[in-house]
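Enquirer:
Number of protein chains: 2
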Amino acid sequence: MFQTQNEVLVVAGSGTAAMDSAVANLCSPGDRVVVASAGNFGERWLQIATAYGTDVVHVEQAWGERLDPARIGEAAAGAQAVYVTQSETSTGVVHDVQAIADAVRPTGAALVVDAVSSLGGVDLRTDEWGVDVVVSGSQKALMTPPGLAFASISKRAWELHAQARSPRYYLDWSTAHRAQSKNDTAFTPPVSLLFGLRVALELVETRGLDATFAHNRRLARAAREGVKALGLDLYSPDDDTSAMVTAFTMPDGLDGQQVFGQLRDRFGIVLAGGQGPLRGRIMRIGHMGYLNEFDIITALSGLELAMADLGYRPPVAGAGAARALELFGREPAHV
Amino acid sequence: MFQTQNEVLVVAGSGTAAMDSAVANLCSPGDRVVVASAGNFGERWLQIATAYGTDVVHVEQAWGERLDPARIGEAAAGAQAVYVTQSETSTGVVHDVQAIADAVRPTGAALVVDAVSSLGGVDLRTDEWGVDVVVSGSQKALMTPPGLAFASISKRAWELHAQARSPRYYLDWSTAHRAQSKNDTAFTPPVSLLFGLRVALELVETRGLDATFAHNRRLARAAREGVKALGLDLYSPDDDTSAMVTAFTMPDGLDGQQVFGQLRDRFGIVLAGGQGPLRGRIMRIGHMGYLNEFDIITALSGLELAMADLGYRPPVAGAGAARALELFGREPAHV
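In order, the protein sequence lines correspond to chains A and B. At position 7 of the first sequence (counting the first as 1) the number is 7 in the working numbering, and the numbers step up by one without a gap. At position 121 of the second sequence (counting the first as 1) the number is 121 in the working numbering, and the numbers step up by one without a gap.
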């Protein structure tokens, strides 16, 4: 799943636990690091790096933009580590990790990628692209309930770890490594989640990683086309890179949080609202993980009915679901 | 469950995550703290306090002993915090937290209790005894799969937290508090475990806390008497304080790890072996949590058969189960 020969450590916790560990285990106070952000989860790296007292260079871009590899490469000169996001769930943008890795490589800085919402959903060639640390969580593309976090760690990252003096205990990589070397865990593992994860990994193995990525792109295309057919404007990019989350802007006069509430309370459908400055202004359909065509149809159908309750009607009734079905019928499923 | 008016923070992680948080959130490097230990989990406090660079006074007692409140009280003078264990699962000893609290109180140090394996199993009057921080986990007496950790935090502990400069992000108490104040969690919560926890708490609420404690003492008495009837010597104290774990010594020539393997592989019964210096020398029956009389009978029966496979036979066949049944029949269940 990680497309790596590196050891993958497993920790009981949210994906953020693995993110935290990737600062605590690589850095000492005062170390120069680079954080590149264009949304809520990129900014989380900034918060963590700041909490550990590192000397942070923040390559900040507006929410919704795609990270600029050239700017990151420039900032990385002389830095210990570079922290970026693959799928910026808050905006629906999937950043180009391969291009970022190419830009960072000449500087010698370690590259750390938050793939919490993308690992197993879009391509991430850890070893081929030279990503030193990939962190992820169980509950998105990995199709398991939340509560497990992961970190793959390269030889270079282990070397930095050996020098890093930030205090840590529960999230210490060496402690986890020692236990995993004996086919054990350092602390009590969430056994029910590990059993679930085994089933999820078997599902992906049966389908194949490339077919899984294709399945996600297919669902995402139907979500984008369906949203547009409802007369709504996309906020996330209108191309195949946006395979994890489709974000769209609210029409004038409509509050995304109200639509969110209506969908949840009337239909039991949970989409996501906007985060931070986008709260109320956008809504998001997450389509990573254990989903099929009918989940997309359900989301588009519920969205149409909930927005109608609040006064917004699409150009043609049922246009969103119809457009998605047209696409699904044209392109055979990969499963 | 915590017998407190203090806020109880919930974190995704093993119980050790909450233990880690109780050092990271209360201490700065160089702060004087006291760790009292008489077993594996007491020593974990020492490892955490050392990892965070505190100035640790270690009140060390031999594994299997009961912590001496007077020694802890003496050491606590001038300390910021005192770290102790309630149920020392490695030895089966439940320490006297009330007496320890009485000894620590005059010193002004904050008292932190690891109740991972005991909360909801034996009495822990957080507010009445004046315990500043109680940490626990979901998977022992709280009858839920592992993956949730908890910490109750007194006013005094929040004051120390405000001064504590150890770096932390994922396990920061203020971050958790801000989210919980809005009926939210700071990071993705392990939802499947929280639904399980709700059911477990309803079970305890229905039965009542005192009846739950009595149920545990009853199971523990039957375990102790059954083990003795098998001709084995108790390692844990032979009294009602040992309500969570019954530990017993291996007869000469028998390796506890072999008995452990035989039980698991032949019968699918998992008891616990000894930890650290006790490995191979003792075995342990854990009887906290979602257990009833028949689990005790099963453990004693499996133990007899597995030990017989390895050459040890009790004085009378079936003596362990018979003795437990005698006790269960004499004393009516509390449920």
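Note that the Cβ used here is the ideal one computed from N, Cα and C, for glycine as well. As the structure is a computational prediction, the values presented were derived from the model and not from experiment.
Hey, could you find the ends of the beta strand (DSSP E) LEU230/A is sitting in?
Expert: Residue numbering aside, residue 230/A sits at position 230 when the first sequence is read from its first letter. No beta strand (DSSP E) contains LEU230/A, which DSSP labels as neither H nor E.
Enquirer: If you count every other CB in all the chains shown that lies within 10 Å of the CB of GLN139/B, and 16 or more means buried, which is it?
Expert: On the second sequence, position 139 is the one that residue 139/B refers to. Counting Cβ neighbours within 10 Å, GLN139/B comes out buried, since at least 16 surround it.
Enquirer: Count the C-beta pairs between the segment 222–240 of chain B and the segment 315–328 of chain B that are closer than 8 Å, then say yes if the count reaches three, no if not.
Expert: yes
Enquirer: For ILE285/A, which option in ASP102/A, ALA247/A, GLU74/A and GLY311/A has the closest C-alpha, if you only look at C-alpha atoms?
Expert: The residue given as residue 285/A occupies position 285 in the first sequence. Among ASP102/A, ALA247/A, GLU74/A and GLY311/A, the Cα nearest to that of ILE285/A is on ALA247/A.
Enquirer: Kindly list, in the order they appear in chain B, the residues whose Cβ is closer than 8 Å to that of VAL191/A.
Expert: Here residue 191/A corresponds to residue number 191 of the first sequence, with the count starting at 1. Chain order gives the chain B residues near VAL191/A as PRO145 and PRO146, where near means a beta carbon separation below 8 Å.
Enquirer: By the criterion of Cβ-Cβ separation under 9 Å, what are the contact partners of GLN139/A in chain B?
Expert: For this step, residue 139/A is matched to residue 139 along the first sequence. Those within 9 Å of GLN139/A in chain B are THR188, PRO190 and VAL191.
Enquirer: Measuring only between beta-carbons, confirm whether ASP20/A sits less than 8 Å from chain B.
Expert: Along the first sequence, one-based indexing puts residue 20/A at 20. Closer than 8 Å: yes.
Enquirer: Kindly confirm or deny that the segment 177–197 of chain B and the segment 9–19 of chain B touch, where touching means at least three C-beta pairs closer than 8 Å.
Expert: yes
Enquirer: One question on the structure: do ASP55/B and ASP20/B come within less than 8 Å of each other, judged by their Cβ atoms?
Expert: For the purposes of this step, residue 55/B is taken as residue 55 along the second sequence, with counting starting at 1. For the purposes of this step, residue 20/B is taken as residue 20 along the second sequence, with counting starting at 1. No, the pair does not count as a contact, with Cβ atoms beyond the cut-off.
Enquirer: Residues in the same chain with beta-carbon distance under 6 Å from SER136/B, minus the five sequence neighbours each way, listed in chain order, please.
Expert: Along the second sequence, read from residue 1 onward, the residue named residue 136/B stands at position 136. Only ALA115, VAL116, LEU119 and PHE150 meet the Cβ criterion.
Enquirer: DSSP puts TYR114/A in a beta bridge; with which residues?
Expert: One-based indexing of the first sequence puts residue 114/A at position 114. It is Asp, not Tyr, that sits at residue 114/A in the sequence shown. The partner list for ASP114/A (beta bridge, DSSP) reads THR85/A and VAL135/A.
Enquirer: Specify the secondary structure class of GLN5/B as computed by DSSP and reduced to three states.
Expert: Indexing the second sequence from 1 puts residue 5/B at position 5. Residue state, collapsed to three classes: coil.
Enquirer: Which class does THR16/B belong to by DSSP, given the choice of helix, strand or coil?
Expert: Here residue 16/B corresponds to residue number 16 of the second sequence, with the count starting at 1. Residue state, collapsed to three classes: helix.
Enquirer: At the level of alpha carbons, what is the spacing between LEU234/B and ALA99/B?
Expert: On the second sequence, position 234 is the one that residue 234/B refers to. On the second sequence, position 99 is the one that residue 99/B refers to. Cα to Cα, LEU234/B sits roughly 25 Å from ALA99/B.
Enquirer: Apply the 10 Å Cβ neighbour rule to ASP252/B and answer buried if 16 or more other Cβ atoms are within range, or exposed otherwise.
Expert: Mapped onto the second sequence, residue 252/B falls at position 252. Exposed, since its Cβ has fewer than 16 Cβ neighbours within 10 Å.
Enquirer: Using the Cα positions of ALA17/A and PRO315/A, report the straight-line distance between them to the nearest angstrom.
Expert: Within the first sequence, residue 17/A is the residue found at index 17, counting from 1. Within the first sequence, residue 315/A is the residue found at index 315, counting from 1. The alpha-carbon atoms of ALA17/A and PRO315/A are separated by roughly 45 Å.
Enquirer: For ILE282/B and chain A, any beta-carbon pair shorter than 8 Å?
Expert: Translated into positions along the second sequence, residue 282/B becomes position 282. No, no contact with chain A.
Enquirer: Tell me, please, whether the CB atom of VAL335/A is closer than 8 Å to any CB atom in chain B?
Expert: Here residue 335/A corresponds to residue number 335 of the first sequence, with the count starting at 1. Low confidence applies to VAL335/A: its pLDDT is 49, below 50, so where it sits in the model is not reliable, and the reading given next is rough at best. With 8 Å as the cut-off, VAL335/A does not count as an interface residue toward chain B.
Enquirer: Any contact between the segment 76–88 of chain A and the segment 32–51 of chain A? By contact I mean 3 or more CB pairs, one from each, below 8 Å.
Expert: yes
Enquirer: Check whether chain B comes within 8 Å of TYR235/A, counting only Cβ atoms and requiring the distance to be less than that.
Expert: To locate residue 235/A, count along the first sequence from 1; it is residue 235. Judged by the 8 Å Cβ criterion, TYR235/A is not in contact with chain B.
Enquirer: LEU197/B and LEU142/B: beta carbons closer than 8 Å?
Expert: In the second sequence, the residue the question calls residue 197/B occupies position 197. In the second sequence, the residue the question calls residue 142/B occupies position 142. By the CB criterion at 8 Å, LEU197/B and LEU142/B fall inside the cutoff.
Enquirer: Please go through the same chain and pick out, in chain order, the residues whose beta-carbon is closer than 7 Å to the beta-carbon of CYS27/A, but skip the five residues on each side of it.
Expert: As a first step, residue 27/A must be located in the first sequence, where it is residue number 27. VAL33, TYR52, THR54, GLN80, ALA81, ALA164 and SER166.
Enquirer: So what does DSSP say about GLY286/B, is it helix, strand or coil?
Expert: The residue labelled residue 286/B in the question sits at position 286 within the second sequence. If DSSP states are grouped into helix, strand and coil, GLY286/B belongs with the strands.
Enquirer: With 8 Å set as the bound, which would you pick, yes or no: does the beta-carbon of TYR83/B sit closer than that to a beta-carbon of chain A?
Expert: By one-based count along the second sequence, residue 83/B stands at place 83. Put simply, the CB of TYR83/B is far from chain A, with every gap to its CB atoms at 8 Å or more.
Enquirer: Using only the alpha-carbon positions, how far apart do VAL204/A and GLY121/A sit?
Expert: On the first sequence, residue 204/A is found 204 positions in, with the first residue counted as 1. On the first sequence, residue 121/A is found 121 positions in, with the first residue counted as 1. The straight-line gap from Cα to Cα measures roughly 10 Å.
Enquirer: Report the residue from ASP102/B, ARG156/B, HIS287/B and ALA49/B whose alpha carbon sits nearest the alpha carbon of ARG221/B.
Expert: As a position in the second sequence, residue 221/B is number 221, starting the count at 1. The candidate whose alpha carbon is nearest that of ARG221/B is HIS287/B.
Enquirer: How about ASP132/A and LEU111/A: are their beta carbons less than 8 Å apart?
Expert: As a position in the first sequence, residue 132/A is number 132, starting the count at 1. As a position in the first sequence, residue 111/A is number 111, starting the count at 1. Yes; because the gap between Cβ atoms is below 8 Å, this pair is in contact.
Enquirer: Which ranges would you report for the alpha helix (DSSP H) in the segment 255–284 of chain A if only whole runs of at least 4 residues count?
Expert: 256–267
Enquirer: When you compare the segment 291–301 of chain A with the segment 253–260 of chain A, are there three or more beta-carbon pairs, one atom per stretch, that lie closer than 8 Å?
Expert: no
Enquirer: I think LEU263/A touches ALA308/A, with their Cβ atoms under 8 Å apart; what is that distance to the nearest whole Å?
Expert: Residue mapping note: residue 263/A aligns to position 263 of the first sequence, counting from 1. Residue mapping note: residue 308/A aligns to position 308 of the first sequence, counting from 1. Not really, about 12 Å apart at Cβ, beyond 8 Å.
Enquirer: Would ARG168/B pass as an interface residue toward chain A - the criterion being a Cβ-Cβ separation below 8 Å?
Expert: For the purposes of this step, residue 168/B is taken as residue 168 along the second sequence, with counting starting at 1. Chain A, which has a Cβ nearer than 8 Å to the Cβ of ARG168/B, makes this yes.
Enquirer: Give me the residue from GLU88/A, ALA109/A and THR4/A with the minimum Cα distance to GLU43/A.
Expert: Here residue 43/A refers to the residue found at position 43 when the first sequence is read from its first residue. That would be GLU88/A, whose Cα lies nearest to the Cα of GLU43/A.
Enquirer: Express the C-alpha separation of PRO237/A and ALA211/B in angstroms, rounding to a whole number.
Expert: Here residue 211/B corresponds to residue number 211 of the second sequence, with the count starting at 1. Here residue 237/A corresponds to residue number 237 of the first sequence, with the count starting at 1. So the alpha carbons of these two residues sit roughly 59 Å apart.
Enquirer: Throw me the rounded Cβ distance for the VAL104/B and ARG66/B pair, which I believe falls under 8 Å.
Expert: As a working mapping, residue 104/B is identified with position 104 in the second sequence. As a working mapping, residue 66/B is identified with position 66 in the second sequence. Not really, about 16 Å apart at Cβ, beyond 8 Å.
Enquirer: Please report the residue range of the alpha helix (DSSP H) in which SER174/B lies.
Expert: Position 174 of the second sequence holds residue 174/B. Element bounds for SER174/B: 173–181.
Enquirer: Comparing alpha-carbon positions, which option in GLY276/B, LEU278/B and GLY261/B lies nearest GLY302/B?
Expert: If you number the second sequence from 1, residue 302/B lands on position 302. Nearest option by C-alpha distance: GLY261/B.
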